[in-house]
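*Asks:* Here's a structure for you.
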Amino acid sequence: MFDNKTILITGGTGSFGQKYTKTILERYKPKRLIIFSRDELKQYEMQQVFNAPCMRYFIGDVRDGERLKQAFKDVDFVIHAAALKQVPAAEYNPMECIKTNIHGAENVIRAAISNNVKKVIALSTDKAASPINLYGATKLASDKLFVAANNVVGDGKTRFAAVRYGNVVGSRGSVVPFFKQLIANGATSLPITHPDMTRFWITLQDGVDFVLKNFSRMQGGEIFVPKIPSIRITDLAAAYGPSLEQQIVGIRPGEKMHEVMCPGDDSHHTIEFDDHFVITPSIRFFGRETDFCTNALGEKGQTVPMGFEYNSGTNPHFLTQAEILKLDTVA
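The sequence shown begins at 6 in the working numbering and counts up by one.
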């Protein structure tokens, strides 16, 4: 699907973008693979690792619509990974978060439509489901924009979808590198927000593979949610620091006890497949009817019961401490 095609990743120097780049170069022969981001140092560092002839590095910000339109010229597929993601930083800098996560999403959509990009997948987050923090609220708004973009495009061929998943093992700014650093520095305890807290857990490679697969599955308007395991934060701390005390520090501003990826209020729009869920659009698209129970690969799903919620606290699959450590080694 990606051989001899041009792919662009916004926020491409991040953890996801680098793993996606590695995967694409190993499995396909793209015509061009464009990294679009605003940090020249991160681009320079990434170029030392990924310098295949097809690679292109564009300096730009998703807040700049004209720069995006220029960068999207002759692009076939776009992965929109650029975002401001730190929950506390978003709470303290709300307008900056809105400019990047909402206005940036609108700019990506306009640039894709004006350049007749074939398919766009935007990365979402579990925090966008029934959000209680600004980061989650902006990503919910972004999700809505990308779903509705399938109407905005009119008779055009561009299709938009989103992928929503949970915490990524070992990604920059996540808890695992934080715990490892504390342990390396000789910490005698690990901070725990709340002993009952749970989270969805996915490796970066699994996240990349899920996005790749959904380019083939998508018809336009879906929010794809993978079926993934949960962890208990106490098990996570015990796995990495089995002899260390766990110090309860309290829930941070904007944090939930458990994360939700498919809210109960969306159950009448949710379809279950073998290894994932799809949240279908709540609006009808002009000029086309889509059977979301059968995707573009011919995979078939069925609607979930009314009130169904995909919640990290009630998820039937929890990782053991040994499985948490094993997953880290393959992340």
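Glycine residues also receive a C-beta, built at the ideal position from the N, C-alpha and C atoms. All values reported here derive from a predicted model rather than from experimental measurement.
#1: What does DSSP give as the partner residue(s) for R237 in the beta ladder?
#2: Kindly identify the DSSP beta-bridge partner or partners of Y315.
#3: Closest by CA to T105, which one among D280, Y140, R164?
#4: Of all the options I238, L249, H281, which has the alpha carbon lying nearest to the alpha carbon of M223?
#5: Taking 6 Å as the limit between beta carbons, can you name the residues of its chain near Q326, skipping five residues before and five after?
#6: Just confirm the distance between the C-beta atoms of G225 and A133, as a whole number of angstroms; I'd bet it's less than 8 Å.
#7: Considering only heavy atoms of the ligand COA, does any lie closer than 8 Å to the CB of T325?
#8: Leaving out the 5 sequence neighbours to the left and right, which residues in its chain are closer than 6 Å to F323 when beta-carbon positions are compared?
#9: Can you name the start and end residues of the beta strand (DSSP E) that A116 belongs to?
#10: When the Cα atoms are used, what is the spatial distance from I197 to C59?
#11: Quick one, which of N120, D79, F55 has its alpha-carbon nearest R40's?
#12: According to the neighbour-count rule (16 or more other Cβ atoms, all chains shown, within 10 Å of its Cβ), is G303 buried or exposed?
#13: For the stretch 203 to 222 against the stretch 150 to 161, are there 3 or more C-beta pairs whose distance is under 8 Å?
#14: With which residues is N172 paired in a DSSP beta bridge?
#15: Check whether the stretch 198 to 205 and the stretch 257 to 275 are in contact - that is, three or more C-beta pairs closer than 8 Å.
#16: Under three-state DSSP, which class holds F183?
#17: Kindly confirm or deny that the stretch 244 to 257 and the stretch 105 to 121 touch, where touching means at least three C-beta pairs closer than 8 Å.
#18: Between the stretch 123 to 132 and the stretch 75 to 95, can you find at least three pairs of beta-carbon atoms closer than 8 Å?
#19: What distance in whole Å lies between the Cβ atoms of L150 and G175, which are believed to be in contact at a cut-off of 8 Å?
#20: Does the distance from the CB of D148 to the CB of I228 come in under 9 Å?
#21: By the 10 Å Cβ neighbour count, where 16 or more other Cβ atoms means buried, how is L13 classified, buried or exposed?
#22: Measuring only the C-alpha atoms, how far is K162 from Y97?
#23: In the DSSP assignment, the alpha helix (DSSP H) including I288 goes from what residue to what residue?
#24: Which same chain residues, not among the five before or five after K47, have their C-beta less than 6 Å away from its C-beta?
#25: Hey, could you find the ends of the alpha helix (DSSP H) L46 is sitting in?
#26: Measure from the C-beta of V181 to each C-beta in chain B and report whether the shortest distance is under 9 Å.
#27: Grab me the residues of V168's own chain with a C-beta within less than 7 Å of its C-beta, minus the 5 sequence neighbours each way, in chain order.
#28: In this structure, how does DSSP classify E277 when only helix, strand and coil are distinguished?
#29: My output table needs one value for M100: the three-state DSSP class, helix, strand or coil.
#30: On the criterion of 16 or more Cβ atoms from any shown chain inside 10 Å, does R32 qualify as buried, or is it exposed?
#31: Residues bridged to K305 by DSSP?
*Replies:* Put simply:
#1: T203
#2: C267
#3: Y140
#4: H281
#5: D240, A243, A244
#6: Not quite, the Cβ-Cβ distance comes to about 19 Å (not below 8 Å), so this is no contact.
#7: Annotation note on the ligand COA: not contained in the displayed structure, which lists no ligands.
#8: S235
#9: Premise fails: A116 lies in the alpha helix (DSSP H), 109 to 119, not in any beta strand (DSSP E).
#10: 44 Å
#11: Contrary to the premise, residue 40 reads as Ile rather than Arg in this sequence. For the set N120, D79, F55, the Cα lying nearest the Cα of I40 is the one of F55.
#12: exposed
#13: no
#14: W206
#15: yes
#16: Three-state DSSP puts F183 in a helix.
#17: no
#18: yes
#19: That pair is no contact at about 30 Å.
#20: yes
#21: buried
#22: Rounded to the nearest angstrom, the two C-alpha atoms are 39 Å apart.
#23: I288 -> no alpha helix (DSSP H), and no H or E assigned at all.
#24: Taken in chain order, the residues that qualify are T18.
#25: That run of the alpha helix (DSSP H) goes 45 to 52.
#26: Given the protein chain composition of this structure (a single chain), no chain B is represented.
#27: I126, L128, S129, F215, V216, N219, F229
#28: strand
#29: helix
#30: Around the C-beta of R32, fewer than 16 other C-beta atoms lie within 10 Å, and the residue is accordingly described as exposed.
#31: T299
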